[in-house]
Amino acid sequence: MTITRRLLGKLALGLAGATMLMQAPALAADKPAPFDKPGVKIALVRYLSTGDFFQAYLSGVEAQSKALGVDLRVLDSRQDAALQADMVDQAIALGVQGIIIQHGLTESMKEAAQRAVDAGIKVVAFDVNVENPKIPQIEQSDRDLARLALEQAVKDNGESWKAGYVYVAGIAPLDRRNETWVDVKKKHSGINEVAMFGTLDNPIANSVANQARSVLSAHPDIKVMFAPYDEFAKGVKIAVDEAGMNKDIKIYSADISTSDIAAMRETDSAWAATAATNPAVVGQVSVRALAQLLAGEDPGHNVIVPPTLITQKELIDKDIKNMEDLSVKLPQFAHADVAMPAWMPNPNAK
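If you count by mature numbering (1 follows the signal peptide of the UniProt record, and there is no 0), then the sequence shown holds residues -28 to -1, 1 to 322, one letter each, in order.
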């Protein structure tokens, strides 16, 4: 039998006090400094937190932090850009060794991130471009997310249709997805964007629904809604359902959650497909990349988590009802072998 580090961990749990004390240093020695001793502190500084995606992302950050044995502090600015920048300074004052910056605006976070680097703190950024070569960028491969969803839209609807598009500029992942949308429209000249709208006002889905009602009233001939963020898609679906247009319009999005799956599986749902990474896995990768920096390793400047296309038909055919089903029945969704050196504990290991 091969004795692995994870097996040793399981065996250690079954032994009594003195034996457990004997095993602990051996297990700790498997991890490089500073993780070979307790007391490592990191902070997650959030801009966006509303919606299932961000709750799942947080759960992934928490799971990987627990597996590493680090002390995690979560600072949530609730879409207040100035407050988020101040929270980076709060994290510095707390004496953390590493910071994850999650979303935000480049103009407000660029200098704040630099202050952390100047203080000797390791920093990674998820879905916000802080324009710093010393700070790895954690990405969902946003261009691929948009490409997969839009390829499915063309496959389902042909190369000529009127489209509504939900977009808010200045948010790095949405800007990257927008680049793909622009390219697809150039490639398929029959796609006619007749309306662009969007907001991040809370609650996002309801705020987008209010806008979508007006758009649908003005453009009842829209055939496709491209809403490359699931809270946007939820809002569009609310308006489409209220207008009784669910059989006339198809919605294509990015990101996924259990509530999204339920909405896509509804009878005659307009929500046809989404492209997504597992947000919990992205959270884990964010912590792992930061941990590599703290251990003196280089995770690379662009740490990219590959996405998966998920169609309404696939959810129904494979009887996928929640995120757990999705991970079991689409194994590529359950784990990303990204920023995963041999010493890194895997919180998903059984």
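For every residue, glycine included, the Cβ atom is placed at its ideal position computed from N, Cα and C.
On a predicted model such as this, the values are computed, not experimentally measured, just so you know.
The Cβ atoms of S21 and A57 do not sit closer than 7 Å to each other.
Taking a contact as a CB-CB distance under 8 Å, the pair I107 and V89 counts as one, their CB atoms being some 7 Å apart. Counting C-beta atoms within 10 angstroms of its own C-beta, R50 has fewer than 16 neighbours from the protein chains shown and is therefore classed as exposed. Beta-carbon to beta-carbon, A118 and T171 are separated by about 19 Å, too far to satisfy the 8 Å threshold. Of the residues assessed, K209 falls on the buried side of the cut-off, its CB having 16 or more other CB atoms within 10 angstroms.
Within the DSSP secondary-structure output, R18 pairs in a beta bridge with D48 and Q74.
Nearest C-alpha to P278 among D227, D220 and Q264: D227. Inter-residue distance for G268 and D8 is about 13 Å (C-alpha atoms, whole angstroms). DSSP lists A135 as the beta-bridge partner residues of E165. In this structure, the beta-carbon distance from V42 to I71 does not fall below 7 Å.
In terms of Cβ geometry, S229 and I110 do not form a close pair [threshold 7 Å]. Going by DSSP, Y224 is part of no alpha helix (DSSP H) but of the beta strand (DSSP E) stretching over K222 to A226. Going by DSSP, N150 is part of the alpha helix (DSSP H) stretching over A144 to K159.
Here A314 is exposed, its C-beta having fewer than 16 other C-beta atoms within 10 Å. In this model, I292 and M236 are separated by some 11 Å (Cα to Cα). Look at D90 here: in three-state DSSP terms it is helix. Annotation for Q109: the continuous beta strand (DSSP E) segment containing it runs Q109 to E111. Looking at K157, W133, D114 and Y139, the one whose alpha-carbon comes closest to that of E203 is Y139.
By the Cβ test, the segment 130 to 146 is in contact with the segment 155 to 163, since at least three Cβ pairs between them sit closer than 8 Å.
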